[in-house]
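Per the working numbering, the sequence shown starts with residue 11, numbered consecutively. Just so you know, even glycine gets a beta-carbon here, dropped at the ideal spot from N, CA and C. Every value quoted in this text rests on a predicted model; they were computed, and no experiment measured them.
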Amino acid sequence: MTSTPRVQTVRGAVAARDLGTVLMHEHVFVLNEELRQSLPETWDEQQRISDAVTRLKALAATGVTTIVDPTVIGLGRNVARVAVVNQQVDLNIVAATGLFTLADVPDFFRYHGPGTMLGGAEDMTELFVRELTEGIADTGIRAAFLKCAIEYVAQLAPARRVRATFSRSRRMRSREVVLAACNTCWT
């Protein structure tokens, strides 16, 4: 007997057949956390959450039952904030793990990992797999897919490293299907 395929969402696993009408690329929030913290007058947390709830309720009223949110590291991902929104909206929200990068990886990964100044194991693979299997940060919310977005100069070593890590992370997932999205703009 085969088990029913399930997809991880912000509120937990959902049977794939119950996802309903799905929008495949919808960011609930995209922001720069460093700028948000440095310019607090530009961000009212409760107002932004309220705006997101209003917009997603309107979306759900059109018959959409699931959105796939590809907001990852580099786009201000905060799944705890998305969970607060999701508590108020009857909608499945599918979260991602991965990176959005322009020409380089985030500074931590630039200095840690194979071939870097400080060396060590490939922390990106560990991070991606942990977010798929255990949860993102301390939220317990599991990512359902990997996103790798490399905006330009994709032939450079950092971009190759992200793609290789992305591939290793997919192979390490043994029992569940992991969706993968990789956007690369070649220049």
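Item                                                                                                           : Value
Distance between residue 130 and residue 59 (C-alpha atoms, nearest Å)                                         : 39 Å
Meets three-Cβ-pair contact criterion under 8 Å: the segment 120-136 and the segment 52-67                     : no
Cβ separation of residue 75 and residue 101, assumed to be a contact under 8 Å, to the nearest whole Å         : 6 Å
Meets three-Cβ-pair contact criterion under 8 Å: the segment 14-32 and the segment 147-154                     : yes
DSSP state of residue 135 mapped onto helix, strand, coil                                                      : helix
Burial state of residue 40, where buried means 16 or more other Cβ atoms lie within 10 Å                       : exposed
Those residues which DSSP pairs with residue 18 across a bridge                                                : 23
Candidates 86, 137, 36: closest to residue 44 by CA position                                                   : 86
Close beta carbons around residue 123, own chain, < 8 Å, minus the five adjacent residues each side            : 129, 130, 131, 132, 133, 134, 171
Beta-bridge partners of residue 102, as assigned by DSSP                                                       : 76
Counted within 10 angstroms of its Cβ, other Cβ atoms place residue 164 as buried (16 or more) or exposed      : Here residue 164 scores only 49 on pLDDT, less than 50, and its place in the model should not be relied on; the value that follows carries that caveat. So residue 164 counts as buried.
Same chain, Cβ closer than 8 Å to residue 53, neighbours up to 5 away in sequence not counted                  : 41, 46
DSSP beta-bridge partners of residue 83                                                                        : 109
CB contact flag (residue 99, residue 146, <7 Å)                                                                : no
Whole-number beta carbon distance between residue 79 and residue 94, since they are thought to touch under 8 Å : Going by Cβ atoms, the distance from residue 94 to residue 79 rounds to 14 Å, so no, they are not a contact pair.
Where residue 71 falls, given that 16 or more other Cβ within 10 Å makes a residue buried                      : exposed
Inter-residue CB distance, residue 198 and residue 111 (contact presumed, cutoff 8 Å)                          : Because the chain in this structure spans residues 11 to 197, residue 198 falls outside the shown range and cannot be described.
Heavy atom of the ligand MG within 6 Å of residue 132 beta-carbon                                              : This structure lacks the ligand MG, and indeed carries no ligand of any kind.
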